[in-house]
Amino acid sequence: FHTGQTGVGSGMRGGMGMKLKYSNPMALDDVAAEFPDLRIILAHPSFPWQEEALAVCQHKPNVYIDLSGWSPKYFPEILVRYANSLLKKKMLFGSDWPAITPDRWLADFENAGFRDEVKPLILKDNAQRLLGL
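Shown next as structure tokens:
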């Protein structure tokens with residue numbers, strides 16, 4: 042599910058009808074509670090609702106966050122802190138290509154403050170486990 046602000050309609054009259062309130066990750070908390078076997082991926086770091094996304098992801102075992110949509114060099118410190126600790130097994134790689142190329146995302150990821158033991162979880166292991174590969 043797309044979460045957070047979108048570039049679609051940004052700066053255009055009426056935002057082209059896009060209503061950002063529906064991309065607040067708290068809207069998915071009820072879904073995660075009602076369908077506990079449904080695996081839910083919150084697409085993007087959910088700006089400006091990162092803390093809500095982290096709360097839902099921590100509270101609901103069936104909710105994950107993909108880190109696409111931004112360069113990791115712009116990730117807020119709280120997101121990196123949670124990814125390095127409480128949610129290290131619930132964060133997923135995503136580049137949001139073509140907006141950000143995988144090469145650029147990975148280069149910025151190397152310097153974003155993620156612990157060495159967490160990097161393979163984000164880049165591969167968490168997705169493998171989530172998708173049963």
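So for the sequence shown, my numbering puts the first residue at 42; every next one is plus one.
For each residue, glycine too, the CB sits at the ideal point set by N, CA and C.
Residue i (DSSP reduced to helix, strand or coil)
i    : result
L83  : strand
L133 : strand
D71  : helix
V121 : helix
I141 : coil
V97  : helix
D149 : helix
D78  : coil
D107 : strand
Beta-carbon proximity check, residue i vs residue j, cutoff 8 Å
i    : j    : result
T44  : A124 : no
D71  : V97  : no
K129 : V159 : yes
L127 : V104 : no
S109 : R145 : no
L120 : Q99  : no
L171 : R80  : yes
Q46  : P89  : yes
Exposed unless 16 or more other CB atoms sit within 10 angstroms - verdict on residue i
i    : result
W138 : exposed
F150 : buried
H85  : buried
S87  : buried
G58  : exposed
F76  : exposed
S51  : exposed
L174 : exposed
A140 : exposed
N167 : buried
Report task. Would you be able to state if there are at least three C-beta pairs under 8 Å between the segment 60-68 and the segment 130-147? Result -> Cβ pair count under 8 Å is below three, so no.
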